[in-house]
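According to UniProt numbering, the sequence shown is numbered sequentially starting from 1.
Each residue gets a CB set at the ideal place from its N, CA and C atoms; glycine is no exception.
One structure below.
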Amino acid sequence: MSSSDPPEDTDLNPSALGTKAHWDSLYALELTNHTSNPSDIGTIWFSDSDCESRIYQYLTSDILSLPSSTTFLDVGTGNGHLLFSLLEDGDFEGDGMVGVDYSEGSVELARNIAAQTEGAAGVKFLQLDVIYDRPKLEVFGERIAKEGGFDVVLDKGTFDAISLSDEVVQDGTGRRVYEVYPERVAEWVKVDKGILLVTSCNWTEEELVRRMTEGGKLEVKGRIKYPEFTFGGKKGSTVCSVAFQRKI
Ligand SMILES: C[S@@+](CC[C@H](N)C(=O)[O-])C[C@H]1O[C@@H](n2cnc3c(N)ncnc32)[C@H](O)[C@@H]1O
């Protein structure tokens with residue numbers, strides 16, 4: 001490696017957060033809590049970074065000029081709160097929204113919360129493993145199939161979780177599951193104007209960009225700014241959000 005080469009990323013150390021068993025038991029608990037107290041909707045990831053309102057501001061900014069009919073897919077949706085937060089001010093319609101997660105408990109929790117949330121009746125939640133399930137676009141609905149994908153694919157903390165899995169895909173390449181993630185999600189983004197917005201706390205912005213673009217299917221479209229801190233002479237933030245567009 002020469003001094004001009006970009007630094008190599010190292011894999012993240014696998015942890016329980018990279019296993020389905022972890023998420024199944026978390027959502028079983030959150031479902032029980034929600035049933036006994038409907039105002040308890042469970043964890044909102046990265047809420048201390050004011051993440052959802054920054055995502056909302058970016059998606060409603062003049063940079064993107066998204067119409068109310070914009071379609072959204074939330075990958076690894078958890079309790080579905082990111083989608084519900086986009087409905088709050090009436091800028092977008094629930095009919096164009098789909099949340100997917102590999103944990104059945106997440107899907108049940110998100111559906112229960114949708115039933116109590118104004119404007120969320122049209123939001124669809126499906127159980128789907130982003131890495132191993134390769135569904136046809138029809139599973140997301142006729143409109144998504146006809147339009148060739150979603151306008152906006154969202155990921156808040158899901159690539160992070162998948163990066164903590166030690167699983168290797170059985171396709172002969174020896175790649176860990178997070179290394180195939182970009183090519184999987186890119187398939188659901190509309191080719192011309194669609195975007196994928198990934199929010200991470202495990203990767204730096206630079207690493208995230210490298211990981212998501214190295215397969216050649218995605219390129220950077222924009223970034224969300226978060227407050228920065230300086231540590232050891234280096235600037236950084238605890239969370240980063242980067243928007244990618246699918247290359248033609
Ligand atoms: C850190 S949580 C984030 C949840 C939600 N996006 C939020 O911001 O609150 C990660 C989510 O990814 C889901 N997940 C992890 N691996 C997945 C996979 N292979 N396919 C689909 N969902 C997955 C987990 O079940 C969990 O809900």
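Please look up how many angstroms separate the CB atoms of residue i and residue j, rounded, as I've assumed it's under 8 angstroms.
i, j, result
"Gly194", "Asp151", "5 angstroms"
"Ser241", "Thr199", "4 angstroms"
"Ala130", "Arg175", "Before going on, a small fix: residue 130 reads as Val here, not Ala. Actually they do not touch by this definition, with Cβ atoms about 15 angstroms apart."
"Gly148", "Val191", "6 angstroms"
"Leu59", "Leu87", "About 12 angstroms separates the two Cβ atoms, so there is no contact after all."
"Val189", "Arg134", "The Cβ separation is near 15 angstroms, so there is no contact."
"Thr43", "Gly78", "7 angstroms"
"Leu208", "Pro14", "About 19 angstroms separates the two Cβ atoms, so there is no contact after all."
"Val169", "Val75", "So it is not a contact: roughly 17 angstroms between Cβ atoms."
"Val100", "Leu73", "7 angstroms"
"Glu228", "Phe244", "Their Cβ separation, rounded to whole angstroms, is 22 angstroms, which puts Glu228 and Phe244 out of contact at 8 angstroms."
"Asp24", "Ser103", "5 angstroms"
Which residues bound the alpha helix (DSSP H) around residue i?
i, result
"Ala114", "Glu104 to Ala115"
"Glu162", "The residue asked about is misnamed: residue 162 is Ile in this sequence, not Glu. Segment Thr158 to Ser163, the alpha helix (DSSP H) holding Ile162."
"Val180", "Val177 to Ala186"
"Gln57", "Cys51 to Leu59"
"Phe84", "His81 to Leu87"
In this structure, how does DSSP classify residue i when only helix, strand and coil are distinguished?
i, result
"Lys146", "helix"
"Gln127", "strand"
"Glu206", "helix"
"Asp95", "helix"
"Asp192", "coil"
"Ala16", "helix"
"residue 249", "The question about residue 249 has no answer here: the residues shown for the chain are numbered 1 through 248."
"residue 259", "Outside the modelled stretch of the chain, which goes from 1 to 248, sits residue 259, for which no answer is possible."
"Val139", "helix"
"Thr10", "coil"
"Ser2", "In this prediction, Ser2 scores a pLDDT of 43, lower than 50, which makes its location untrustworthy; the coordinate-derived value is nonetheless stated afterwards. Three-state DSSP puts Ser2 in coil, outside helix and strand."
"Arg211", "helix"
"Asp48", "helix"
"Asp62", "coil"
"Lys247", "coil"
"Ile224", "strand"
"Val169", "coil"
"Asp155", "strand"
"Thr230", "strand"
"residue 249", "Lying outside 1 to 248, the shown extent of the chain, residue 249 is not represented and no answer is given."
Where do the N-terminal and C-terminal ends of the beta strand (DSSP E) with residue i fall, by residue?
i, result
"Thr199", "Ile195 to Ser200"
"Ala21", "Segment Lys20 to Ser36 is the alpha helix (DSSP H) holding Ala21; no beta strand (DSSP E) there."
"Asp74", "Phe72 to Val75"
Would you say the beta carbon of residue i comes nearer than 6 angstroms to a heavy atom of ligand 3?
i, result
"Thr238", "In terms of ligand content, the structure shown lacks ligand 3 and carries ligand 1 instead."
At least 3 beta-carbon pairs within less than 8 angstroms: the region 115-124 vs the region 46-57 | With the cut-off at 8 angstroms, the region 115-124 and the region 46-57 do not touch.
May I ask you to verify whether the region 91-107 touches the region 63-70, counting CB pairs closer than 8 angstroms and requiring at least 3?
-> yes
Counting pairs of beta carbons, one from the region 211-227 and one from the region 13-28, are three or more of them closer than 8 angstroms?
-> no
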